[in-house]
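> Residue numbers (the numbering used here): 15 to 183. The beta-carbon is built from N, C-alpha and C at its ideal position, and this holds for glycine as well. Predicted, not measured: the structure shown is a model, and the values here were computed from it. Could you have a look at this structure, given as structure tokens, before my questions?
Here it is, written out as structure tokens:
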């Protein structure tokens, strides 16, 4: 058996992802890979799908007149992508997301940039009302291909303890 899989029958293995509550340690940092290069189509699709009508995201002629001179990646897309990148490391075994806080957009991100993310475990505690689960809070940081921080946020999740969740069956 290799790490990241469980034997479900003799000679048959199932790939596993994520961490149980017991696996988290305050101060640990998980680098989420691979990174993701954002295309113009990704940005325009997300912007229009979410009914964001600000032309800085999809109108190249308008964007040329801004201080950036080109379209910006829609900021909710940046946050959503960072959350998605972190799932296999921090929330694959989550019962639920409990919330996001302190979202900061600290630098521009443009189509063609590659986004990388990492999460630091900042708090871990037992659930007071659910003995089979615990609460984990991480601080996720997104950086572009040059290492410039473009976004940070805190995220809290309710996580299954080992042997208690539907992924353990």
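At the level of alpha carbons, what is the spacing between residue 35 and residue 134?
Residue 35 and residue 134: Cα-Cα distance of roughly 15 Å.
> Taking the C-alpha atoms as reference points, what is the distance between residue 139 and residue 31?
21 Å
> Given this structure, state the Cα-to-Cα distance separating residue 71 from residue 128, to the nearest angstrom.
17 Å
> Rounded to a whole number of angstroms, what is the C-alpha to C-alpha distance between residue 152 and residue 104?
About 8 Å.
> Mind listing, in chain order, the continuous alpha helix (DSSP H) runs of no fewer than 4 residues lying wholly within the region 69 to 152?
74 to 78, 89 to 100
> What's the C-alpha gap between residue 80 and residue 123?
14 Å
> Below 7 Å CB to CB, which residues in the same chain sit around residue 45 once its five sequence neighbours on both sides are set aside?
Once the five neighbours on either side are set aside, the close Cβ partners of residue 45 are 132.
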